[in-house]
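Please read the structure below before turning to the comments.
In this note's numbering, the protein residues as written are 54 to 143.
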């Protein structure tokens, strides 16, 4: 996992959005997504929690579009916590 100073910039729908994901926010997102039935609410809360202040207004404008919150979470988390190759040695 990345450090607490991670900056991820996403260009979406003509807007440049800056995110600052943290291990705490990421773990809270995973825990809430596993517990709560309203997954879209969890996605929106997480993405709004990690957005940089200078990008908040742009996010408010585009997050109302269907699928945007999910796509942003996917892009940011793929960069922040990428898949690693692991296997069991027998």
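We treat Cβ as the ideally placed atom computed from N, Cα and C, and that holds for glycine.
Using DSSP bridges, identify the partner residues of residue i.
i           : result
residue 73  : Bridge partners of residue 73: none, in fact.
residue 116 : None; residue 116 has no bridge partner.
residue 100 : Answer is none; residue 100 lacks a bridge partner.
Beta strand (DSSP E) containing residue i: first to last residue?
i          : result
residue 64 : 61-65
By the DSSP assignment, the alpha helix (DSSP H) with residue i in it spans what residues?
i           : result
residue 124 : 121-133
Going by CA-CA distance only, name the one from the options that's closest to residue i.
i          : options              : result
residue 70 : 101, 78, 143 and 118 : 101
residue 75 : 87, 60 and 64        : 60
residue 57 : 83, 68, 107 and 78   : 78
Report buried or exposed for residue i, applying the criterion of at least 16 other Cβ atoms within 10 angstroms of its Cβ.
i           : result
residue 66  : exposed
residue 130 : buried
residue 64  : exposed
residue 141 : exposed
>> I'd like to know if the segment 91-101 and the segment 122-135 are in contact, where contact means that at least 3 CB-CB pairs between them fall below 8 Å.
In response: yes
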